[in-house]
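Some notes on the structure that comes next.
Residue numbers (this note's numbering): 2 to 665.
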């Protein structure tokens with residue numbers, strides 16, 4: 002009954018929306034409106050900022066339609082197809098540099114620079130200087146070493162062996178050994194011949210000689226030839242070989258040349274012509290020349306053509322020679338007879354071993370008292386042979402058994418068949434004082450361009466001058482007349498020397514204006530030493546003459562007993578302001594050499610010059626003029642005479658025969 006009462010059908014008058022439904026609809030409409038309103042706020046409140054923040058990018062097609070693309074002016078394309086992956090390939094640009102196997106030296110893209118023809122004045126070349134090229138890098142200029150000091154030829158050979166090994170690493174090699182036939186190299190030839198066993202063991206030639214892979218002559222990795230030279234040259238091996246026994250036999254069969262002539266440049270030139278085919282014809286080989294000599298060569302006129310052909314064929318020349326004496330053409334060599342049956346007393350013979358430069362660059366001025374300085378090492382070899390090595394990429398080895406840079410070397414210490422050089426210098430210090438290894442025309446052109454150099458060369462051409470040869474310094478006054486005569490005689494020597502020293506000074510003074518422009522340490526040291534020494538000698542000679550003139554006018558002894566005037570060197574110059582000024586200038590030049598060129602021959606000579614003061618002073622002494630008493634004869638005695646002895650036993654042995662020093 003109750004259920005029936007609760008369920009009753011709706012009447013027509015009832016609404017479609019009841020109370021709950023209407024509330025839901027109104028809430029839904031309200032929230033949708035709020036959301037829409039919030040979404041529309043940015044479009045109305047901040048429309049300008051949104052436009053600036055947003056940028057719409059056009060498509061590629063729109064961009065091409067609206068704008069014409071302009072390529073940069075320096076951009077060019079290459080249409081040629083390339084097989085390799087690289088900058089011109091069709092691959093992505095990012096792959097170009099990383100994927101390219103070889104970076105081309107010449108770009109495939111043509112240069113955008115337009116080359117315009119302009120008028121260029123012709124350039125006149127005064128002299129062509131050819132530059133040596135190395136064996137491995139065709140266009141790389143290579144300069145050799147000018148003065149590698151060593152105490153023996155063995156050390157030089159070890160260094161040459163290293164260079165032969167480097168050459169063999171590149172290609173097969175021919176080494177030509179040149180031996181001087183002079184008597185002074187007899188012992189050295191024997192030493193080198195004994196050394197060949199070790200050399201060729203190190204080079205692997207002996208093993209290669211028995212290797213069946215090198216049966217053909219052209220396949221031999223290292224071939225050797227031997228040449229002897231003196232007044233004439235001789236090929237000791239006609240065809241280069243790798244047989245050590247044949248090589249040693251050729252060296253031991255070299256005969257001594259008694260003429261004393263050494264035509265080394267002719268020998269090198271002829272050998273270069275003979276072995277040209279090894280450099281120009283296949284299979285090509287490296288060619289190396291090794292020269293042993295103890296002189297400068299008597300055919301230096303052929304130096305330029307010898308350098309030229311070695312340049313052309315790229316043949317480095319190594320020389321195992323002697324050090325050149327500083328600023329001298331000749332030096333003395335200690336000679337001992339090689340035959341023990343003859344007198345073994347040392348003798349001295351003159352040998353041409355210098356100078357180290359094309360022309361002598363040192364003023365020939367002895368020290369006071371006529372004392373000529375002993376020969377000293379120049380730090381380099383003789384000019385011509387050293388230039389041949391330097392310009393062909395070789396090495397000049399200056400060999401001297403008594404080389405010692407820490408102390409002087411006396412004559413007695415000098416080894417047999419070696420030149421006497423009193424002082425040696427550190428090669429590292431001397432490296433920046435290297436002479437100018439140039440052809441004669443270019444050397445003179447550069448020298449004449451700077452007055453300092455021209456003046457030094459002109460002054461150096463004069464013959465040796467003495468400052469004061471044994472000047473008389475002691476004058477005994479027996480009477481006024483006798484003293485005046487003695488003083489006048491002493492003045493004559495100084496009067497003869499003064500014009501020569503004045504001429505030498507005037508020549509050097511011509512280059513004083515360009516001294517500040519000189520940048521070469523060698524020429525700076527040479528000019529300063531010459532100017533300082535000549536000025537010092539000039540002031541000494543003029544001061545000596547002036548002091549004698551003062552004595553002639555009369556001097557009084559401070560002590561009545563004294564009767565002798567003695568002239569001594571003094572640091573104080575009392576003969577006039579002109580001499581004081583010149584003496585101060587000389588001291589400045591000499592001290593500049595000592596301070597700026599320490600450890601060099603120039604500094605050594607400047608220091609020796611500074612040891613003797615420039616000024617003079619009179620001192621007085623007493624000389625006993627009474628004759629010495631006669632010695633009384635010894636009284637006779639009656640001593641018993643000694644018994645007779647066998648005089649034959651007491652006789653000295655007959656000395657062995659002595660031969661004169663030959664031409665070395």
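Don't be surprised by glycine CBs; every beta carbon is placed ideally from N, CA and C.
C-alpha of residue 232 to C-alpha of residue 298: approximately 10 Å in a straight line. Taking each of 558, 238 and 260 in turn and checking the Cα distance to residue 251, the smallest one comes out for 238. The segment 481 to 498 makes contact with the segment 541 to 558: 3 or more CB pairs, one atom from each, lie closer than 8 Å.
Partner residues in the beta bridge of residue 287, as assigned by DSSP, are 174.
With fewer than 16 other Cβ atoms from the protein chains shown falling within 10 Å of its own Cβ, residue 343 counts as exposed. Taking 3 residues as the minimum length, the beta strand (DSSP E) runs contained wholly in the segment 224 to 310 are 234 to 236 and 287 to 293, in order along the chain. Here residue 335 carries a strand assignment [DSSP, helix/strand/coil]. Unbroken alpha helix (DSSP H) runs of no fewer than 4 residues, entirely contained in the segment 385 to 467, are found at 428 to 431, 441 to 450 and 452 to 461, following chain order. Taken through DSSP and simplified to helix, strand or coil, residue 359 comes out as coil. Rounded to the nearest whole angstrom, the CA to CA distance from residue 375 to residue 266 is 30 Å. Between the alpha carbons of residue 542 and residue 332 lies a distance of about 29 Å. Two segments are said to touch when three or more pairs of C-beta atoms, one from each, lie closer than 8 Å; by this definition the segment 425 to 434 does not touch the segment 506 to 513. The three-state secondary structure of residue 379, taken from DSSP, is coil. Going by beta carbons, residue 416 and residue 402 fall inside the 8 Å limit.
Straight-line measurement puts the Cα of residue 354 at about 53 Å from the Cα of residue 563. Residues of the same chain with a CB within less than 8 Å of the CB of residue 381, apart from the 5 flanking positions on each side, are 147, 148, 324, 325, 357, 387, 397, 399, 431, 435 and 436 in chain order. Short of 7 Å from the beta carbon of residue 496, and not among the five residues preceding or following it, lie these beta carbons of its own chain, in chain order: 546. The continuous beta strand (DSSP E) containing residue 618 extends over residues 616 to 622.
In terms of Cα proximity to residue 311, the closest of 341, 320, 283 and 277 is 277. The shortest C-alpha to C-alpha distance from residue 595 to any of 608, 586, 587 and 584 is the one to 608.
Sequence-distant partners of residue 477 (beyond 5 residues in either direction) whose C-beta falls short of 6 Å from its own C-beta, in its chain, are 565 and 624. Going by C-alpha positions, residue 617 is about 54 Å away from residue 655. The distance from the Cβ of residue 319 to that of residue 395 is about 4 Å, consistent with a contact at the 8 Å cut-off. The criterion of a C-beta distance shorter than 8 Å is not satisfied by residue 197 and residue 166. Per the DSSP secondary-structure output, residue 565 pairs in a beta bridge with 477 and 622. Ranked by Cα distance from residue 512, the first of 23, 448 and 412 is 448.
Assignment of beta-bridge partners to residue 603 by DSSP yields no partner. For residue 318, there is no enclosing alpha helix (DSSP H); the residue is part of the beta strand (DSSP E) that begins and ends at 318 to 322. For residue 190, the uninterrupted alpha helix (DSSP H) run begins and ends at 187 to 203, by DSSP. Straight through space, the alpha carbons of residue 440 and residue 305 are spaced by roughly 7 Å.
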